[in-house]
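Peer 1: Position one of the sequence shown corresponds to residue 145 (the working numbering), numbered consecutively onward. Cβ coordinates follow ideal geometry from the N, Cα and C atoms, glycine included.
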Amino acid sequence: MIESGIKKVGNDLVFSGVQPTGNLHLGNYLGAIKNWVDFQNSKKCIFCIVDLHAITVSENRKKLDEYSKEVAAAYIASGIEPKKSTIFVQSNVKGHSELAWILGCHTPIGWLNRMTQFKDKAGKNKEKAPLGLYSYPVLMAADILLYKSNFVPVGEDQKQHLELCRDIAQGFNRSYNTDFFPIPEPIITGAATRVMSLKDGKKKMSKSDPSDQSRINLTDSNDQIIKKIQRARTDSLPFPENNKSLEDRPEVENLINIFASISEKPSENIIKEYSGNDFKSFKQDLSDLLISKISKISNEMKKLLSDHVYLNSILSDGAKEAKEISEKNIKEIKKIIKFYI
Ligand code: TYM
145 MIESGIKKVG
155 NDLVFSGVQP
165 TGNLHLGNYL
175 GAIKNWVDFQ
185 NSKKCIFCIV
195 DLHAITVSEN
205 RKKLDEYSKE
215 VAAAYIASGI
225 EPKKSTIFVQ
235 SNVKGHSELA
245 WILGCHTPIG
255 WLNRMTQFKD
265 KAGKNKEKAP
275 LGLYSYPVLM
285 AADILLYKSN
295 FVPVGEDQKQ
305 HLELCRDIAQ
315 GFNRSYNTDF
325 FPIPEPIITG
335 AATRVMSLKD
345 GKKKMSKSDP
355 SDQSRINLTD
365 SNDQIIKKIQ
375 RARTDSLPFP
385 ENNKSLEDRP
395 EVENLINIFA
405 SISEKPSENI
415 IKEYSGNDFK
425 SFKQDLSDLL
435 ISKISKISNE
445 MKKLLSDHVY
455 LNSILSDGAK
465 EAKEISEKNI
475 KEIKKIIKFY
485 I
């Protein structure tokens, strides 16, 4: 896995995606979207709005169209430029479902049984969980391999899915004695690869957490950000003096990581700057930083969301570009399998 610094290889293609489930939060931004921006100048980038993944959970099957536009607006407001990158909605390009079926036929059930996200999401009621939730990682592999992607920038929670995608690509290549699929590299980078809940440092910051206080949403007002950071859980100990004194202090470590990621300063420098103080001035400065970053994004999102014609044209152009690449690859894949074409 590449943790930082990307080496240039053959067909430099970057692919990633976010589900349109509403409430885009700081974890999505720091763990994923923020890291996409820099790729645009050196590589072909494809950023997808993965609505087929969203419908694997019944509560998400609402407002898909509205939330898809919200994700598109968040991409653009965060610095993804439609002139440089392809932005589109997954269900608009049929190759994703087609390749998911093909890859599913090449994926042993034993590999899927290891996926922890399915176990977490299905909970105790596994028998009632939809088949799509179980095969979610195969669809994700299809997204990536459909474009023969080389790099996939994601948050840490996607690591296991990316490992499966590599196994699927290698398995397919082996079965057909080909090197058609590149083996994609996960890019899990930055100071905040796993942003935790503001209320519980052992839980991931998530859209599905019932408490809105647990996360900073990209649409939060300045007042909401200030209140959420003020109320964010810390502990009764003083501000840490070095990285070692962060052990067993997950909430404090999380806030320092967020600070480091937004300010683009190493966490050691932040610890040095605030050690010996209480958390008040640190939290005030963290709120200021978040406000300056998030308010720019949310204001831009509001502007974009009021211009449906513009957003629709970006998504329609993006789908056209994605179709062009994917249809060519699907044809090649069918030839490799020796389908009648
Ligand atoms: P989703 O919508 O759940 O998350 C989108 C991206 O945000 C990252 N992320 C986080 N990063 C750090 N801390 C957090 N608390 C946090 N929460 C979310 C995720 O790691 C992800 O990068 N399965 C993917 C969507 C997907 C995809 C793909 C990604 C479908 N096909 C192909 C890459 C390539 C997901 O869970 O999205």
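Going by DSSP, which residues form a beta bridge with Pro297?
Peer 2: On the sequence shown, position 153 is the one that residue 297 refers to. According to DSSP, which records beta bridges pairwise, Pro297 is partnered with Ile331.
Peer 1: Relative to the ligand TYM, is the shortest distance from any of its heavy atoms to the C-beta of Gln304 smaller than 7 Å?
Peer 2: Sequence index remark: in the sequence shown, residue 304 carries index 160 (1-based). Checking every heavy atom of the ligand TYM against the Cβ of Gln304, none is found closer than 7 Å.
Peer 1: Fully enclosed by the region 199 to 287, which alpha helix (DSSP H) runs are 4 residues long or longer?
Peer 2: Correct list: 208 to 221, 239 to 248, 253 to 257, 260 to 266, 275 to 278.
Peer 1: Between Ile458 and Pro226, is the Cβ-Cβ spacing less than 8 Å?
Peer 2: If you number the sequence shown from 1, residue 458 lands on position 314. If you number the sequence shown from 1, residue 226 lands on position 82. A contact, by the Cβ cut-off of 8 Å.
Peer 1: Gly166 and Ala336: beta carbons closer than 8 Å?
Peer 2: For this step, residue 166 is matched to residue 22 along the sequence shown. For this step, residue 336 is matched to residue 192 along the sequence shown. For Gly166 and Ala336, no; Cβs fall outside 8 Å.
Peer 1: If we ignore side chains and look at the alpha-carbon of each, how far apart do Ser222 and Asn317 end up?
Peer 2: Here residue 222 corresponds to residue number 78 of the sequence shown, with the count starting at 1. Here residue 317 corresponds to residue number 173 of the sequence shown, with the count starting at 1. Whole-angstrom Cα-Cα distance: 36 Å.
Peer 1: On the three-pair Cβ rule with 8 Å, is the region 411 to 427 touching the region 435 to 452?
Peer 2: No, the region 411 to 427 is not in contact with the region 435 to 452.
Peer 1: Would you call the region 383 to 398 and the region 471 to 481 in contact, with 3 or more CB pairs under 8 Å?
Peer 2: No, they do not touch.
Peer 1: What residue from Ser160, Pro410, Glu300 has the CA that sits closest to Met340's CA?
Peer 2: Residue numbering aside, residue 340 sits at position 196 when the sequence shown is read from its first letter. Answer by Cα proximity: Glu300.
Peer 1: Threshold first: 4 residues or longer. Then list the alpha helix (DSSP H) segments lying entirely within the region 338 to 410, N to C.
Peer 2: With a minimum length of 4 residues, the continuous alpha helix (DSSP H) runs that stay inside the region 338 to 410 are 366 to 375, 394 to 407.
Peer 1: Between Gly345 and the rest of its own chain, which residues show a CB-CB distance below 6 Å, the 5 nearest in sequence each way excluded?
Peer 2: Sequence index remark: in the sequence shown, residue 345 carries index 201 (1-based). Excluding residues within five positions, the ones whose Cβ falls inside 6 Å are Pro394, Glu395, Asn398.
Peer 1: Considering only DSSP beta bridges, list what Val158 is partnered with.
Peer 2: Residue 158 sits at position 14 when you count from the first residue of the sequence shown. Val158 pairs with Cys189, Phe295.
Peer 1: Measure the CB-CB distance between Tyr291 and His197 and report whether it falls below 8 Å.
Peer 2: Numbered from 1 along the sequence shown, position 147 holds the residue referred to as residue 291. Numbered from 1 along the sequence shown, position 53 holds the residue referred to as residue 197. Result no, Cβ atoms of Tyr291 and His197 do not sit closer than 8 Å.
Peer 1: Using the Cα positions of Lys467 and Phe325, report the straight-line distance between them to the nearest angstrom.
Peer 2: Sequence index remark: in the sequence shown, residue 467 carries index 323 (1-based). Sequence index remark: in the sequence shown, residue 325 carries index 181 (1-based). Between Lys467 and Phe325, the C-alpha separation is close to 18 Å.
Peer 1: So, helix, strand or coil for Ile146, using DSSP?
Peer 2: For the purposes of this step, residue 146 is identified with residue 2 of the sequence shown, where counting begins at 1. For Ile146, the predicted structure reports a pLDDT of 45, less than 50, and the residue's modelled location is therefore unreliable. A value from the coordinates is still provided. Ile146 falls in the strand class under three-state DSSP.
Peer 1: Closer than 7 Å to a non-hydrogen atom of the ligand TYM - does that hold for the CB of Val181?
Peer 2: The sequence position of residue 181 within the sequence shown is 37, counting from 1. No; taking the cut-off as 7 Å, the Cβ of Val181 has no heavy atom of the ligand TYM nearer than that.
Peer 1: DSSP puts His169 in a beta bridge; with which residues?
Peer 2: As a first step, residue 169 must be located in the sequence shown, where it is residue number 25. Answer is Asn361.
Peer 1: At the level of alpha carbons, what is the spacing between Asn185 and Lys270?
Peer 2: Position 41 of the sequence shown, counted from the first residue, corresponds to residue 185. Position 126 of the sequence shown, counted from the first residue, corresponds to residue 270. When rounded, the distance between both Cα atoms is 44 Å.
Peer 1: Suppose you measure from the CA of Glu533 to the CA of Leu306; what does that come to, to the nearest Å?
Peer 2: Since the first residue shown for the chain is 145 and the last is 485, residue 533 is missing from the structure and cannot be characterised.
Peer 1: Under 7 Å Cβ to Cβ from Glu242, same chain only, skipping five residues before and after it: list those, please.
Peer 2: On the sequence shown, position 98 is the one that residue 242 refers to. Here the set comprises Ile474.
Peer 1: Is His250 closer than 8 Å to Val315 when the C-beta atoms are compared?
Peer 2: Stepping through the sequence shown from its first residue, residue 315 is reached at position 171. Stepping through the sequence shown from its first residue, residue 250 is reached at position 106. Per the sequence presented here, residue 315 reads as Gly, with Val not at that position. Yes, these two residues count as a Cβ contact at 8 Å.
Peer 1: Report yes if the C-beta distance between Cys192 and Asp287 is below 8 Å; otherwise report no.
Peer 2: Sequence index remark: in the sequence shown, residue 192 carries index 48 (1-based). Sequence index remark: in the sequence shown, residue 287 carries index 143 (1-based). Contact: yes.
Peer 1: Classify Asn361 as buried or exposed, calling it buried when 16 or more other Cβ atoms lie within 10 Å of its own Cβ.
Peer 2: Taking the first residue of the sequence shown as position 1, residue 361 is located at position 217. Looking at its Cβ environment, which holds 16 or more other Cβ atoms inside 10 Å, Asn361 is buried.
Peer 1: Shorter than 7 Å, the distance from the beta carbon of Ile193 to the closest heavy atom of the ligand TYM, or not?
Peer 2: Position 49 of the sequence shown, counted from the start, is the residue given in the question as residue 193. No, the Cβ of Ile193 stays beyond 7 Å of every heavy atom of the ligand TYM.
Peer 1: Ordered along the chain, which non-local residues of its own chain (more than five positions away) have a Cβ less than 7 Å from that of Arg375?
Peer 2: For the purposes of this step, residue 375 is identified with residue 231 of the sequence shown, where counting begins at 1. Here the set comprises Gln357.
Peer 1: Going by Cα to Cα distance, which pick from Leu455, Ile312, Ser439 is closest to His169?
Peer 2: Translated into the one-based positions of the sequence shown, residue 169 becomes position 25. Of the listed residues, the one whose Cα sits closest to His169 is Ser439.
Peer 1: I'd like the list of long-range same chain contacts for Ile177, defined as Cβ closer than 6 Å, with 5 residues on each side in sequence excluded.
Peer 2: For the purposes of this step, residue 177 is taken as the residue at position 33 of the sequence shown. If we look at Ile177 and ignore the five residues flanking it on each side, its Cβ neighbours are Ser222.
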